[in-house]
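**Q** Residue numbers (the numbering used here), protein chains in the order written: chain A, 205 to 587; chain B, 18 to 276. Even glycine gets a Cβ: it sits at the ideal position worked out from N, Cα and C. Pasting in a structure now, in structure tokens, and then I'll have a few things to ask.
Okay, here's the thing in structure tokens:
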């Protein structure tokens, strides 16, 4: 079935060539990191995680959001999702792959990474996260590929695939809950030490992930002539809207607790992110851009007339995705390190090497997604 | 000719006997020339029997003195990087308000406010770093020391995010070129692994005090077993008002301070 990815028009191959060139660039940057150490990044002893771990966190959310099409289609028999469900599953596959690559890129000793499996440590949340992420990757790849393979042959999917698909539903919730638990159980990092972190992760994931799914389906309609249907997009837009509302509600509760209680440790990180702390304010414009674009997008999506208009829908989905990308893929991780345990403020700026590696990993994920969707479209349109 | 062969034979058998002795000394501790501690056989440690701790009298500690830091970093081959991103440190001085950010900061007398206070790994009884470590590369030993296995560390830096005291350092680059004079008593590290204070476990096993304690000209550091009511450290703890760093986090540090 994979051979279908080898037949494409000029634009398809240009796209693949572009992605490959970004990947090569990223691999080159990674060899620099391997040779010189993580000193080539903007991280340091005060901000000891940066854009790699932040992107990983964001992409776990994108991966988890596949459940927003799998659950209605397989559990509630929502036929409208029939054509988009596989897009969601393959999006989850590529996002999970990117997650694993970002973890690997962040390791000081990637050659030792199998120690996580050689010395399994159930007390460590990383152990659980690696387990659920790999499991989720396999579940989605197997269910997507098997159902698509059956469709190609024009037969019913094998019966054993049903339990696999059902299992992927709670599993999607588990990956993002466990990812939140990576942070929410650390004493002394007050931005993360909050019980609403896991619910907020899920809400922001379902908002950003479904918004991305709407965008991907529109790109497929335009470039490949594969239309998942306005009804599916409309339903996804509603899901993104209410997930977005939930996300901003939960963010609001964080603000209330921090600023009404007035406990300095609870306040400091939010203060740093949104208002600046002791003259350090490099993330302030980003965070306000995130907040305003997110709120504006949700406002647009709440109006049915605007939501049904493709132009407004695209703008709002981009706005929501971008908003949560900044919030989770930048602010959340960096803000957790400011101020440091010794109440010092060190600001982090990603280095060119770090940005190149990040771009390379994104390109790998998008390449895998492009190939999987190319096969999907070829099967669905019986080319 | 014959003499040549004979000489070669004697040389080889001699080597064989030496090799055999070497192997035997590994199997039979009594045969080894240097006494090695094999706790698995003879002195099996009882977990929790000993809990090493330290008491720092900040009144005695002189503000500009760096002797403990210098001694520690010298014996442990701690690399010296000037920029704060790459910095590796096991024991260092920070202002009072940074070491005790959650302690009372209002109307503190100027002597205390401007005081430089030693910071190091607290060797917590409930360490969040060992809980976060996915490979047991950092772990709490039977004697309460929070230790590191540099060969197992994957460099994920979870322990650094988990430590509420900023006591852990990462080797952002190869540390070896940044070591001034090589100490033969402790291994150097590679780039990509985390390191921190080990309470001089390599010295304790030889019956020596930690390097910082030994080096302090003011005798401001007291080291001992917190589980032994007769130890000096316990007597000092009972007769002085002492503090731990961020006790509200429930980590139960083994490093105490007299302010």
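If you draw a straight line from the C-alpha of residue 453/A to the C-alpha of residue 75/B, how long is it?
**A** Start at 1 with the first residue of the first chain, and residue 453/A comes out as number 249. Start at 1 with the first residue of the second chain, and residue 75/B comes out as number 58. Each residue's Cα considered, the two are about 47 angstroms apart.
**Q** Just by C-beta distance, which residues in the stretch 150-179 of chain B are closer than 9 angstroms to chain A?
**A** So the close ones are 150, 151, 152, 153, 154, 168, 169, 170, 171, 172, 173, 174, 175, 177, 178, 179.
**Q** Could you name the residues that DSSP lists as bridge partners for residue 212/B?
**A** Along the second chain, one-based indexing puts residue 212/B at 195. Residue 212/B pairs with 186/B.
**Q** Sort out for me which residues DSSP pairs residue 109/B with in a bridge.
**A** Taking the second chain and counting its residues from 1, the one referred to as residue 109/B is at position 92. Paired residue(s): 136/B.
**Q** Measure the CB-CB distance between residue 152/B and residue 319/A and report whether it falls below 7 angstroms.
**A** What you label residue 152/B is simply residue 135 of the second chain in a count that begins at 1. What you label residue 319/A is simply residue 115 of the first chain in a count that begins at 1. It is a contact, given that the beta carbons lie within the stated cut-off.
**Q** Is residue 94/B close to chain A, meaning its C-beta is less than 7 angstroms from at least one C-beta of that chain?
**A** By 1-based counting over the second chain, the position of residue 94/B is 77. It does not; no Cβ of chain A falls within 7 angstroms.
**Q** If you follow the beta strand (DSSP E) that residue 77/B is part of, which residue opens it and which one closes it?
**A** Sequence index remark: in the second chain, residue 77/B carries index 60 (1-based). Premise fails: residue 77/B is in no beta strand (DSSP E) and is neither H nor E.
**Q** Quick one: give me the first and last residue of the alpha helix (DSSP H) that residue 597/A is part of.
**A** Residue 597/A lies beyond the range of chain A shown here (205 to 587); nothing can be said about it.
**Q** Excluding the 5 residues preceding and the 5 following residue 565/A in the sequence, name in chain order all residues of the same chain whose CB lies nearer than 8 angstroms to its CB.
**A** By 1-based counting over the first chain, the position of residue 565/A is 361. Hits under 8 angstroms: 230, 259, 302, 305, 306, 309.
**Q** Let's see if you can read the secondary structure: which residues bound the alpha helix (DSSP H) around residue 459/A?
**A** Reading the first chain from its first residue, position 255 is the one you call residue 459/A. 434-465 is the extent of the alpha helix (DSSP H) around residue 459/A.
**Q** Using a Cβ-Cβ cutoff of less than 7 angstroms, which residues in the same chain neighbour residue 233/B once the five nearest sequence positions on both sides are dropped?
**A** The sequence position of residue 233/B within the second chain is 216, counting from 1. Answer for residue 233/B: 84, 85, listed in chain order.
**Q** Would you grab the beta carbon distance between residue 251/A and residue 552/A for me? Rounded to a whole angstrom, and I think it's under 8 angstroms.
**A** Stepping through the first chain from its first residue, residue 251/A is reached at position 47. Stepping through the first chain from its first residue, residue 552/A is reached at position 348. Contact holds; Cβ gap of about 4 angstroms.
**Q** Rounded to the nearest angstrom, what separates residue 340/A and residue 372/A at their Cα positions?
**A** Residue 340/A sits at position 136 when you count from the first residue of the first chain. Residue 372/A sits at position 168 when you count from the first residue of the first chain. Cα to Cα, the separation comes out at about 7 angstroms.
**Q** Contact between the stretch 261-272 of chain B and the stretch 113-120 of chain B is defined here as three or more beta-carbon pairs at a separation below 8 angstroms; is this criterion met?
**A** A contact exists between the stretch 261-272 of chain B and the stretch 113-120 of chain B.
**Q** Output needed for residue 369/A: all residues of its chain with C-beta closer than 6 angstroms, excluding positions within five of it in sequence on either side, in chain order.
**A** Here residue 369/A corresponds to residue number 165 of the first chain, with the count starting at 1. Answer for residue 369/A: 278, 347, listed in chain order.
**Q** When you compare the CB of residue 113/B with every CB in chain A, is at least one pair closer than 7 angstroms?
**A** Translated into positions along the second chain, residue 113/B becomes position 96. No, residue 113/B lies away from the interface with chain A (no Cβ there is under 7 angstroms from its Cβ).
**Q** Over what stretch of residues does the alpha helix (DSSP H) that includes residue 496/A continue unbroken?
**A** Working through the first chain from its first residue, we reach residue 496/A at position 292. Counting along the chain, the alpha helix (DSSP H) containing residue 496/A begins and ends at 488-506.
**Q** Determine, using beta carbons only, whether residue 380/A and residue 405/A come nearer to each other than 7 angstroms.
**A** Translated into positions along the first chain, residue 380/A becomes position 176. Translated into positions along the first chain, residue 405/A becomes position 201. Taking 7 angstroms as the Cβ cut-off, residue 380/A and residue 405/A qualify as a contacting pair.
**Q** Where residue 396/A and residue 538/A are concerned, what is the direct C-alpha to C-alpha distance, given to the nearest angstrom?
**A** Here residue 396/A refers to the residue found at position 192 of the first chain. Here residue 538/A refers to the residue found at position 334 of the first chain. So the alpha carbons of these two residues sit roughly 11 angstroms apart.
**Q** Tell whether a beta-carbon distance below 7 angstroms holds between residue 137/B and residue 108/B.
**A** By 1-based counting over the second chain, the position of residue 137/B is 120. By 1-based counting over the second chain, the position of residue 108/B is 91. A contact, by the Cβ cut-off of 7 angstroms.
**Q** Distance check for residue 258/B and residue 187/B, CA to CA, integer angstroms please.
**A** Position 170 of the second chain, counted from the start, is the residue given in the question as residue 187/B. Position 241 of the second chain, counted from the start, is the residue given in the question as residue 258/B. If you take the alpha carbons of residue 187/B and residue 258/B, they lie about 34 angstroms apart.
**Q** Does DSSP classify residue 325/A as helix, strand or coil?
**A** Here residue 325/A corresponds to residue number 121 of the first chain, with the count starting at 1. Reduced to three states, the DSSP call for residue 325/A is coil.
**Q** Just tell me which of 242/A, 210/A, 211/A, 254/A has its CA closest to the CA of residue 530/A.
**A** One-based indexing of the first chain puts residue 530/A at position 326. Out of 242/A, 210/A, 211/A, 254/A, 254/A has the C-alpha closest to the C-alpha of residue 530/A.
**Q** How would you label residue 81/B, buried or exposed, when you count the other beta carbons within 10 angstroms and need 16 or more for buried?
**A** Position 64 of the second chain, counting from 1, holds the residue named residue 81/B. By the 10 Å Cβ count, residue 81/B comes out exposed.
**Q** Using the Cα positions of residue 489/A and residue 281/A, report the straight-line distance between them to the nearest angstrom.
**A** Here residue 489/A refers to the residue found at position 285 of the first chain. Here residue 281/A refers to the residue found at position 77 of the first chain. Answer to the nearest angstrom: the Cα atoms are 44 angstroms apart.
**Q** Return the first residue and the last residue of the alpha helix (DSSP H) that residue 564/A is part of.
**A** As a position in the first chain, residue 564/A is number 360, starting the count at 1. That run of the alpha helix (DSSP H) goes 556-584.
**Q** Would you report the Cα separation of residue 329/A and residue 311/A, rounded to the nearest angstrom?
**A** As a first step, residue 329/A is located in the first chain; it is residue number 125 there, counting from the start. As a first step, residue 311/A is located in the first chain; it is residue number 107 there, counting from the start. Answer to the nearest angstrom: the Cα atoms are 16 angstroms apart.
**Q** Between the alpha carbons of residue 600/A and residue 226/A, how many angstroms are there, rounded?
**A** This structure cannot speak to residue 600/A, because chain A is shown only from 205 to 587.
**Q** Go ahead and label residue 18/B buried or exposed: buried means 16 or more other beta carbons lie within 10 angstroms of its beta carbon, across all protein chains shown.
**A** As a working note, residue 18/B is residue 1 in the second chain. With a pLDDT of 48 at residue 18/B, under the threshold of 50, the modelled position of this residue cannot be trusted, and the question is left open.
**Q** I want to see whether chain B comes within less than 7 angstroms of residue 340/A, judged by CB atoms only; does it?
**A** On the first chain, position 136 is the one that residue 340/A refers to. No, because no Cβ of chain B sits closer than 7 angstroms to the Cβ of residue 340/A.
**Q** Helix, strand or coil: how does DSSP classify residue 69/B here?
**A** As a working note, residue 69/B is residue 52 in the second chain. Residue 69/B: strand per DSSP, three-state reduction.
**Q** Between residue 219/A and the rest of its own chain, which residues show a CB-CB distance below 8 angstroms, the 5 nearest in sequence each way excluded?
**A** Taking the first chain and counting its residues from 1, the one referred to as residue 219/A is at position 15. Around residue 219/A: 574.
**Q** Quick one: residues in its chain with C-beta nearer than 7 angstroms to the C-beta of residue 249/B, no 5 flanking neighbours on either side, listed in chain order?
**A** For the purposes of this step, residue 249/B is identified with residue 232 of the second chain, where counting begins at 1. 239, 241, listed in sequence order.
**Q** For residue 129/B, which residues from the same chain have a beta carbon less than 7 angstroms from its beta carbon, with the 5 sequence-adjacent residues on both sides left out?
**A** Along the second chain, read from residue 1 onward, the residue named residue 129/B stands at position 112. So the list reads 113, 276, once near-sequence residues are dropped.
**Q** Which residues of chain A have a Cβ atom closer than 9 angstroms to the Cβ of residue 208/B, listed in chain order?
**A** If you number the second chain from 1, residue 208/B lands on position 191. By Cβ distance, chain A contributes 240, 241, 242, 243, 312, 313.
**Q** What does a CB cutoff of less than 7 angstroms around residue 206/B pick up in its chain, not counting 5 residues either side in sequence?
**A** As a first step, residue 206/B must be located in the second chain, where it is residue number 189. So the list reads 167, 188, 192, 212, once near-sequence residues are dropped.
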